[in-house]
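Numbering (the working numbering), first residue to last: 13 to 712.
From the three backbone atoms N, C-alpha and C, an ideal C-beta is built for every residue, glycine too.
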């Protein structure tokens, strides 16, 4: 049989996941290896090489595009490990990144903290130029000023440059001229706000552009190195990068706009959840993705994740909106917290147990990794509770040291005056509470009561903790899909090629000149078509969807409404008004009569329907009751004795197999923990469907 191999890679904070899918036969092969933060390509090479050897596939057999998700951009911004970027702005506006929007996310905190700007003040340069709010160029930058600017940037030894001039979203002429000069003189990557975020509001536009420039020296060399290695190895496919909005674009476009990758990995997981929701007929599903460094929650409603037009990254406080960088990039709407297998446990100044957000990551990792870590992590707690078999971690390829986990946990236990086992159970409980609280807040912000919503658990640690989180959320059903540990990487294979573009043109609907609007949309369509063609999409398969950020005249904030698709703007003013008022009433419970509607920002999504890929997940029917491969004592609740628990091998479970908890289902890349009071049935596609049979034993 002819094969059609597809390769996907997802770099996480702790592990790098790789997936091979033969689109012809549906065969799926997966692997997982430790991420190498200082040199991410090392981990990618290791994972891909191991995977190809396992599958018996040569690099030349892979001719389809290789799809890649990554946390490199997010981690660089959070950790401040970005490139040395310079910022060019209009004379008199050099302090914008420091002034921010003057909003205090906690008005009573006298020691309020904000993240340091992505580009410091001493690398911010002002230029004598001016564009009016109507788009008229009032002052062009002089040749002498541009020469002086280039000399100053060269002396500062910048690795990239962000250009954000006043009112350039209306007319980018000055930005384009400055960028052309600096590219000639400096030979470093240059980005302009008119391409990265051509929208009103000076601070969000500038910080988005600055974050983009600061991460260009991080992602650009990595992608260049990756593509050279792939070419040298004989891979036939190009590289497509996963975006925050759930689409994919070419590596070259990703290198020019790395800020669009800021939620790349979590978006891939949300797309996988969406794929499963449609496949399993679930109208509403909560994606619960817990990896080694973070946990993510995303609600899938009517088969689709919600999208947001702004995303806040590098928050000083994770639950305080306004404490990070408000980047204006379309993103899957999700909540992410520092709760993963590597999240560290300690005793705070009040003598209370605290877990996360600090993480051991891949280096040194949890204490049980035996790589030098001395602070206990969630993985260490799960080993001590018996939930994880230290000799079966990664199929035995990476055995864990339970003795080191015990030593590390004992130090925290001494500070709490508890036993090691009760402390480990407390770590497990606290991290579950943290994740449930974050998911609950996500539901509140979306106006959704998550009680009773089915969870789909994935990520390396997600299946270990899913039933505990479901108990806290009063959810009665958890789905453990096939290959749950690498589901985000799989999600990239079912994601469409897509780019979301926007441009501000504030006008009352009644005052809009159709010719002016259509000229703006023509530019967006041309850019969207260029990006999709660069990613290999045939021109006749490009689809355009249209939206608009609108508000009642006189208001300060907008809501986004989508109004249709086609090759031209598809809606009349009355239709836009009706769509806006319906959405406004849904959000706020009322509409405001007799107030005109103002369109502020015009949006366009250019996308192509993804090639349908169907993994072969058909299972042979189960014959009789499943047989455990072993039993071991596990502790599920603090202060409770351990329970003898059956351990099943996932590969042994046939369709229709049924068993009751407590139980554990092991596979190479993860472990599914079924708490007492739950039962499991194996579906035809291999998913474990866990159903709660008793009232949860934990406080809700």
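- Message: Just to confirm the assignment, what range does the beta strand (DSSP E) spanning residue 564 have?
- Response: Along the chain shown, one-based indexing puts residue 564 at 552. That run of the beta strand (DSSP E) goes 555-564.
query: DSSP three-state call for residue 29: helix, strand or coil?
result: Within the chain shown, residue 29 is the residue found at index 17, counting from 1. Residue state, collapsed to three classes: strand.
Within its chain, find whatever has a CB closer than 7 angstroms to the CB of residue 234; leave out the 5 residues flanking it on each side and keep chain order. Residue mapping note: residue 234 aligns to position 222 of the chain shown, counting from 1. Cβ within range, chain order: 52, 53, 84.
ask   = Do you know offhand how far residue 519's Cα is from residue 591's?
value = As a working note, residue 519 is residue 507 in the chain shown. As a working note, residue 591 is residue 579 in the chain shown. Going from the Cα of residue 519 to the Cα of residue 591 covers about 17 angstroms.
**Element boundaries [beta strand (DSSP E), containing residue 576]** = In the chain shown, counting from the first residue as 1, residue 576 sits at position 564. Start and end: 571-577.
- [ ] Using three-state DSSP, classify residue 614 as helix, strand or coil.
- [x] Along the chain shown, read from residue 1 onward, the residue named residue 614 stands at position 602. In this structure, residue 614 counts as strand in the three-state DSSP scheme.
Next on the checklist: Quick check: the Cα distance between residue 161 and residue 226, rounded to an integer number of angstroms?
Outcome noted: Along the chain shown, read from residue 1 onward, the residue named residue 161 stands at position 149. Along the chain shown, read from residue 1 onward, the residue named residue 226 stands at position 214. Each residue's alpha carbon lies about 19 angstroms from the other.
- Task: State the DSSP-derived secondary structure class of residue 648, mapped to helix, strand or coil.
- Result: On the chain shown, position 636 is the one that residue 648 refers to. Correct three-state label for residue 648: coil.
Item to complete: Give me whichever residues DSSP pairs with residue 657 in a beta bridge.
Response: Within the chain shown, residue 657 is the residue found at index 645, counting from 1. Paired residue(s): 644.
Exercise. Please name the residue in 201, 480, 492 whose C-alpha comes closest to that of residue 448.
Key: Position 436 of the chain shown holds residue 448. Here the closest residue by C-alpha is 480.
- Looking at the structure shown, is residue 317 part of a helix, part of a strand, or coil, going by DSSP? By 1-based counting over the chain shown, the position of residue 317 is 305. Strand, per DSSP.
#### Entry: Inter-residue spacing [alpha-carbon to alpha-carbon] between residue 525 and residue 211
Translated into positions along the chain shown, residue 525 becomes position 513. Translated into positions along the chain shown, residue 211 becomes position 199. One C-alpha to the other measures close to 19 angstroms.
Paired residues, beta bridge with residue 80 - DSSP
Taking the chain shown and counting its residues from 1, the one referred to as residue 80 is at position 68. Bridge partners of residue 80: 21, 253.
Three-state secondary structure assigned by DSSP to residue 105: Position 93 of the chain shown, counted from the first residue, corresponds to residue 105. Residue state, collapsed to three classes: coil.
ask   = So, is residue 116 buried or exposed, given that buried needs 16 or more other C-beta atoms within 10 angstroms?
value = Translated into positions along the chain shown, residue 116 becomes position 104. It is exposed - the Cβ of residue 116 has fewer than 16 other Cβ atoms within 10 Å.
**OP:** Could you tell me which uninterrupted alpha helix (DSSP H) segments, each at least 4 residues in length, are contained entirely in the stretch 465-528, listed from first to last along the chain?
**Re:** 474-484, 499-505
Q. Per DSSP, which one or two residues make a beta bridge with residue 262?
A. Along the chain shown, read from residue 1 onward, the residue named residue 262 stands at position 250. Looking at the DSSP assignment, residue 262 forms a beta bridge with 252.
Identified DSSP bridge partners for residue 98: In the chain shown, residue 98 corresponds to position 86, counting from 1. DSSP output for residue 98 lists 173 as bridge partner(s).
* Asked: Once you ignore the five residues that flank residue 596 on each side, which residues in its own chain have a CB closer than 7 angstroms to its CB?
  -> Locating residue 596 in the chain shown gives position 584, where the first residue counts as 1. Taken in chain order, the residues that qualify are 571, 603.
Can you confirm whether the stretch 289-304 touches the stretch 454-474 when touching is taken to mean that 3 or more C-beta pairs between the two stretches lie within less than 8 angstroms?
Yes: the two stretches touch, three or more of their Cβ pairs being nearer than 8 angstroms.
*asked:* Suppose you measure from the CA of residue 683 to the CA of residue 354; what does that come to, to the nearest Å?
replied: Within the chain shown, the letter at position 671 stands for residue 683. Within the chain shown, the letter at position 342 stands for residue 354. In this structure, the alpha-carbon of residue 683 lies about 16 angstroms from that of residue 354.
| query | Who are the Cβ neighbours of residue 73 in its own chain at under 6 angstroms, not counting the five residues just before and after it? | reply | Taking the first residue of the chain shown as 1, we reach residue 73 at position 61. Answer for residue 73: 17, listed in chain order.
Measure the alpha-carbon distance for residue 194 versus residue 94 and round it to whole angstroms. By one-based count along the chain shown, residue 194 stands at place 182. By one-based count along the chain shown, residue 94 stands at place 82. The alpha-carbon atoms of residue 194 and residue 94 are separated by roughly 21 angstroms.
Next item on the list: Specify whether the stretch 165-174 and the stretch 91-110 touch according to this definition: at least 3 beta carbon pairs, one from each stretch, less than 8 angstroms apart.
Entry: The stretch 165-174 is in contact with the stretch 91-110.
message = Please classify residue 412 as buried or exposed, where buried requires at least 16 neighbouring CB atoms within 10 angstroms.
response = Taking the chain shown and counting its residues from 1, one reaches residue 412 at position 400. Flag for residue 412 reads buried.
| message | I need the DSSP call for residue 633, collapsed to helix, strand or coil. | response | As a first step, residue 633 must be located in the chain shown, where it is residue number 621. Looking at residue 633 - three-state DSSP - the assignment turns out to be strand.
Quiz item: Helix, strand or coil: which one does DSSP assign to residue 322?
Solution: Here the question's residue 322 lines up with position 310 in the chain shown. Of the three classes helix, strand and coil, the one that applies to residue 322 here is coil, per DSSP.
Residue of 500, 534, 658, 685 minimising C-alpha distance to residue 615
Walking along the chain shown from the start, residue 615 turns up at place 603. Looking at the Cα atoms, 534 is the closest of the given residues.
Between which two residues does the alpha helix (DSSP H) harbouring residue 167 extend?
For this step, residue 167 is matched to residue 155 along the chain shown. Element bounds for residue 167: 155-167.
Following a CB-centred definition, is residue 54 positioned closer than 7 angstroms to any heavy atom of the ligand HEM? The ligand HEM is absent from the structure shown, which contains no ligand whatsoever.
Mind the definition here: the stretch 403-412 touches the stretch 684-701 only if three or more C-beta pairs lie below 8 angstroms; say whether that holds. no
Can you tell me the Cα-Cα spacing of residue 599 and residue 435, whole angstroms?
-> Along the chain shown, read from residue 1 onward, the residue named residue 599 stands at position 587. Along the chain shown, read from residue 1 onward, the residue named residue 435 stands at position 423. Their Cα atoms are separated by approximately 43 angstroms.
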